[in-house]
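Take a look at the structure below.
See below:
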């Protein structure tokens, strides 16, 4: 698999997540359960957009950090919660750096972050 294919897949996943999150927000009940108010889906794992929202709510406003949290959430969904560690963090930083160097990809990431904190 080439780097372009991986990046394209990530961008497609980002687009799908934003659409899915918009749909879930529109259909969300007005009464929130503790998990829903914490931004957690019913399965208990935290969505990538909820991760961004939590970090922003904690006072973090650095765009690169927020995009990093978004990408981290997507990667954890792809590879599982056990995919953490030094190797995972290295790959995460490389992915965020690659996205940052692509103007279209970075704009999409920024839009996802804006949607999450909006």
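In this note's numbering, the protein residues as written are 1 to 118. Just so it is clear, CB atoms sit at the ideal spot from N, CA and C, and this is done for glycine as well. Only a predicted model underlies this, so the values are computations on that prediction, with no experimental measurement involved.
Three or more beta-carbon pairs drawn from the segment 72 to 89 and the segment 43 to 59 are found closer than 8 Å, and the two stretches are therefore classed as touching. Collapsing the DSSP output to three states places residue 71 in a helix. Here residue 99 has 7, 10, 67, 71, 105, 106 and 109 as same chain residues with Cβ atoms under 8 Å from its own Cβ, once five neighbours each way along the sequence are excluded.
Residue 77 places its beta carbon 8 Å or farther from that of residue 113.
Selection 14, 13 and 56 evaluated against residue 117 yields 56 as nearest (Cα-Cα). Distance from the CA atom of residue 90 to the CA atom of residue 12, rounded to whole angstroms, is 22 Å. When only Cα atoms are considered, residue 97 and residue 87 end up about 15 Å apart.
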